Amino acid sequence: EPEVTQTPSHQVTQMGQEVILRCVPISNHLYFYWYRQILGQKVEFLVSFYNNEISEKSEIFDDQFSVERPDGSNFTLKIRSTKLEDSAMYFCASAGPGSNQPQHFGDGTRLSIL
Amino acid sequence: QKEVEQNSGPLSVPEGAIASLNCTYSDRGSQSFFWYRQYSGKSPELIMFIYSNGDKEDGRFTAQLNKASQYVSLLIRDSQPSDSATYLCAVHEGTTDSWGKLQFGAGTQVVVTP
Numbered sequence: 056e057p058e059v060t061q062t063p064s065h066q067v068t069q070m071g072q073e074v075i076l077r078c079v080p081i082s083n084h085l086y087f088y089w090y091r092q093i094l095g096q097k098v099e100f101l102v103s104f105y106n107n108e109i110s111e112k113s114e115i116f117d118d119q120f121s122v123e124r125p126d127g128s129n130f131t132l133k134i135r136s137t138k139l140e141d142s143a144m145y146f147c148a149s150a151g152p153g154s155n156q157p158q159h160f161g162d163g164t165r166l167s168i169l
Numbered sequence: 220q221k222e223v224e225q226n227s228g229p230l231s232v233p234e235g236a237i238a239s240l241n242c243t244y245s246d247r248g249s250q251s252f253f254w255y256r257q258y259s260g261k262s263p264e265l266i267m268f269i270y271s272n273g274d275k276e277d278g279r280f281t282a283q284l285n286k287a288s289q290y291v292s293l294l295i296r297d298s299q300p301s302d303s304a305t306y307l308c309a310v311h312e313g314t315t316d317s318w319g320k321l322q323f324g325a326g327t328q329v330v331v332t333p
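In structure tokens, the structure reads:
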């Protein structure tokens, strides 16, 4: 069964550094998402991406964050100048084609900021 | 602030019994509803989705939706120890400008006891 793949599984970074989290969505999906889950808390929406542009973003997704689909398969989340509070699990999800399709999640990247 | 509420649990269920999980949501315009299972330290795994009022069955799982009362539930029949996990209720607004942002509840922890 097709799946969303994320790399790396665990990223440890010094505070203030930049990180790039990578995702390969399911091949025929058209909608792409990033969520995060701080330990012990809810899964939170960060951003949705469709037709090569951001469709919606949450209050969390400020200028520190950016997303990109650099080629036909990868979908990346860049976090600049990381802060301690950015430590969380980051999940990529994809859905579609068609609206209201269920979102399938990757295994996540555990980001640890030191 | 749109909310999705779930009892945190833990919900202790004897093996072979039925587990009943409930979820309420505040946004009356919500159109699509999803149940995800999340094992500790893992990513959300899609279990069920439901769009219309009534029941939807898939194997041992039944999702029930009542839009008038703004609740959605999940029944797990013949519960197995492998069903022990946190079950996340997720709600999609379904409007054309929402692009599938999911609002998650905090999850209900289910413990199936042999």
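Just so you know, the protein sequences line up as chains A and B, in that order. When we follow my numbering, the leftmost residue of the first sequence carries the number 56, and every step to the right adds one. When we follow my numbering, the leftmost residue of the second sequence carries the number 220, and every step to the right adds one. Backbone N, C-alpha and C fix where the C-beta goes; we use that ideal spot for every residue, glycine too. Owing to the predicted nature of the structure, the values given are computational and were not obtained by experimental measurement.
Item, Value
"Buried versus exposed call for Val-67/A [16 or more other C-beta atoms within 10 Å across all chains shown]", "exposed"
"Cβ shell of Ser-64/A (< 8 Å), same chain only, five flanking positions each side left out", "Asp-162, Gly-163, Thr-164, Arg-165"
"Distance CB(Ala-238/B)-CB(Val-329/B) smaller than 7 Å", "yes"
"Cα-Cα separation between Glu-73/A and Met-144/A, rounded to whole angstroms", "16 Å"
"Chain A within 7 Å of Leu-265/B, Cβ atoms only", "yes"
"Residue-level contact to chain A via CB, Phe-268/B, 7 Å cutoff", "yes"
"Identity of the residue in Ile-93/A, Val-98/A, Phe-87/A nearest Glu-209/A by Cα", "In this structure chain A extends from 56 to 169, so residue 209/A is not present and cannot be described."
"Within-7 Å CB hit, Asp-117/A to chain B", "no"
"Span of the beta strand (DSSP E), counted from its first residue to its last, around Arg-91/A", "86 to 92"
"Reduced DSSP category for Pro-300/B - H, G, I as helix; E, B as strand; rest coil", "helix"
"Gly-163/A: contacting residues in chain B (beta-carbon distance under 7 Å)", "Ser-262"
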